[in-house]
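In our numbering, the protein residues as written are 20 to 397.
Backbone N, C-alpha and C define an ideal beta-carbon position, used for all residues, glycine too.
Since this is a predicted model, take the numbers as computed values, not measurements.
Here is the structure we will look at, set down as structure tokens.
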Amino acid sequence: MGKKHRRRTLSRKQLRFRRQSRPGANPAIVQAPIEAKPSRMHVLAYSPKQFLDKDITDLAALSGMAASHSVCWIDVAGLADVGLVKQLGEKFDLHPLAIEDVMNLHQRAKVEPYEHSLFVIARLPQLIDGHFSSQQLSIFLRGNTVLTFQEETSDWFEPVRERVRKSLERSRSIAPGFLVYALLDVVIDSYFPIVDALGDELDEIEGLMASGETRVVLGRIHQLLHELLLVRRTIRPHRDAINELIRDSSERMDAETLFFLRDCADHTIQLIELLEVYREMCIDYRDFHLSLISNRMNEVMRGLTLVATVFMPLNLIAAIYGMNFADDSPYNMPELRWRFGYPAVLGLMVCVAVLTVVWFSRRGWLRPPDPDTSDGRE
Numbered sequence: 020m021g022k023k024h025r026r027r028t029l030s031r032k033q034l035r036f037r038r039q040s041r042p043g044a045n046p047a048i049v050q051a052p053i054e055a056k057p058s059r060m061h062v063l064a065y066s067p068k069q070f071l072d073k074d075i076t077d078l079a080a081l082s083g084m085a086a087s088h089s090v091c092w093i094d095v096a097g098l099a100d101v102g103l104v105k106q107l108g109e110k111f112d113l114h115p116l117a118i119e120d121v122m123n124l125h126q127r128a129k130v131e132p133y134e135h136s137l138f139v140i141a142r143l144p145q146l147i148d149g150h151f152s153s154q155q156l157s158i159f160l161r162g163n164t165v166l167t168f169q170e171e172t173s174d175w176f177e178p179v180r181e182r183v184r185k186s187l188e189r190s191r192s193i194a195p196g197f198l199v200y201a202l203l204d205v206v207i208d209s210y211f212p213i214v215d216a217l218g219d220e221l222d223e224i225e226g227l228m229a230s231g232e233t234r235v236v237l238g239r240i241h242q243l244l245h246e247l248l249l250v251r252r253t254i255r256p257h258r259d260a261i262n263e264l265i266r267d268s269s270e271r272m273d274a275e276t277l278f279f280l281r282d283c284a285d286h287t288i289q290l291i292e293l294l295e296v297y298r299e300m301c302i303d304y305r306d307f308h309l310s311l312i313s314n315r316m317n318e319v320m321r322g323l324t325l326v327a328t329v330f331m332p333l334n335l336i337a338a339i340y341g342m343n344f345a346d347d348s349p350y351n352m353p354e355l356r357w358r359f360g361y362p363a364v365l366g367l368m369v370c371v372a373v374l375t376v377v378w379f380s381r382r383g384w385l386r387p388p389d390p391d392t393s394d395g396r397e
């Protein structure tokens, strides 16, 4: 019970968040996010004949790395060091509004082209104990330099680094625009296992309904609908962002990269359609479950009504003979003086009850309702 309450509370936090900066505050004044992780800066710089892959702390060396390599990827994991983020923004002439968005988490996926750089925000998904959450990824493309800022310190992009290494082994260098695509591709592909897990949860709910174990079904359906809504609300802006990236980045990315971006956009459409199918199935299961509950309640009420109807004439007979009239009058229930009056009344009650049950049976009211008919008759 405690875990369910914690999951529900965390889900609400995904829907409600508070900005750290006050309304009207100067965007140049940025603050570290609440509970921000310690910052770590990693550089991956490469060219056809050079390769550099290491953690660094000296910002002064970045200019030389970017100048001596075809592509320089600077990855900052953890946003506790506000000074580091601001210095990188000043060093690479990043817009103050973009730096503010880097530090203000809970941004939706979007693309913002600036004069000297391209700014992209994506949401990295994760599923913990069946609960969906996401962390912010901020990407800058400026010349031959790609800067990424991750909310957490988890290493999501080792597949991208491995992809760069393999390309260099084949004497091919991944362009900066293609590197941005590769990062977005990791983000989008990370949603597929989560959507598959939600589909498995839907299959489990269907199995519970088929086996008749329906006590926890409604709660699990409600929770699954909530998770599907969160995932859909998170993934949908990625489709618009990638399409905008395709339309507005022809100068920053080559034609081949744009083809790959279209494939990435197609993946987002597949995810959205799959989530919509799961949502409709979940709603159908909920309606079917509520219909089952209603039908079972109707069956219970039907049985109680039949029992009450059988006893109604018996109660009438008992009520008549329970009236306390004076027995000295020959008109006041003379059968009370009969020798076999009591057995006669009991026999009358039995006959009335049997006739009532027979009448119910002939009407077909004692059998379960036929699903092929509307009134339960054959």
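Which residue comes first and which comes last in the beta strand (DSSP E) that contains Trp92?
-> If you look at Trp92, you'll find it in the beta strand (DSSP E) that goes 90 to 96.
Report yes if the CB atom of Phe176 is closer than 8 Å to the CB atom of Val121, and no otherwise.
-> no
By how many angstroms is the C-alpha of Leu385 removed from the C-alpha of Ile365?
-> For the record, residue 365 in the displayed sequence is Leu; it is not Ile. Distance between the alpha carbons of Leu365 and Leu385: 24 Å.
Measure from the alpha carbon of Ile240 to the alpha carbon of each residue in Phe344, Gly149, Gln50, Met316, then state which is nearest.
-> Closest by C-alpha distance to Ile240, out of Phe344, Gly149, Gln50, Met316, is Gly149.
What residues in its chain sit with their C-beta under 6 Å from that of Tyr210, if we drop five residues either side in the sequence?
-> Pro144, Ile254, Leu290
Start and end of the alpha helix (DSSP H) containing Ile291?
-> Judged by DSSP secondary structure, Ile291 falls within the alpha helix (DSSP H) whose first and last residues are 274 to 340.
Looking at Ala141 and Ala128, is the spacing between their C-beta atoms short of 8 Å?
-> yes
Contacts around Pro178, its chain only, beta-carbon distance under 8 Å, and the 5 residues preceding and following it disregarded = These residues qualify, in order along the chain: Val205.
From this set, Ile336, Ile53, Ala201, Ile48, which residue's C-alpha is nearest His125's C-alpha?
-> Ile53
With distances taken between CB atoms, is the gap from Leu249 to Met300 smaller than 8 Å?
-> no
Return the CA-CA distance between Asp72 and His257, expressed in angstroms with no decimal places.
-> 29 Å
Could you tell me whether the stretch 308 to 318 touches the stretch 273 to 288, where touching means 3 or more Cβ pairs closer than 8 Å?
-> no
May I ask you to report which of helix, strand or coil DSSP gives Ile147?
-> strand
Continuous beta strand (DSSP E) stretch holding Glu131: start and end | Glu131 -> beta strand (DSSP E) spans 129 to 132.
Three-state secondary structure (DSSP) of Thr164 = strand
Could you please give the first and the last residue of the uninterrupted beta strand (DSSP E) stretch that includes Ser66?
-> 59 to 66
Is it the case that the Cβ atoms of Leu137 and Lys110 are separated by a distance below 8 Å?
-> no
Rounded to the nearest angstrom, how far is the Cβ of Arg315 from that of Leu160, given a contact under 8 Å?
-> So it is not a contact: roughly 60 Å between Cβ atoms.
Measure from the alpha carbon of Ser380 to the alpha carbon of each residue in Val329, Phe359, Asn123, then state which is nearest.
-> Val329
Sheet register partners of Val139 (DSSP bridge) | Val130, Ile158
Got a sec, what are the start and stop residues for the beta strand (DSSP E) Lys73 sits in?
-> Per DSSP, Lys73 is one residue of the beta strand (DSSP E) stretching across 69 to 74.
Where the alpha helix (DSSP H) through Arg252 begins and ends = 236 to 267
For Ile147, does the count of other Cβ atoms within 10 angstroms reach 16, so buried, or fall short, so exposed?
-> exposed
Validate contact between the stretch 79 to 96 and the stretch 194 to 203 using beta carbons, cut 8 Å, 3 pairs | yes
Counting only the same chain and skipping the five closest in sequence on each side, list residues whose C-beta sits under 7 Å from that of Phe344.
-> Within the same chain, Cβ atoms closer than 7 Å to the Cβ of Phe344 are found at Asn351, Met352, the five residues on either side in sequence being excluded.
Under the three-state DSSP convention, the category Gln169 falls into = strand
Beta-bridge pairing of Ser152 - partner residues as DSSP gives them | Gln145
Since Leu293 and Val214 are thought to touch, with beta carbons under 8 Å apart, how far apart are those beta carbons, to the nearest angstrom?
-> 6 Å
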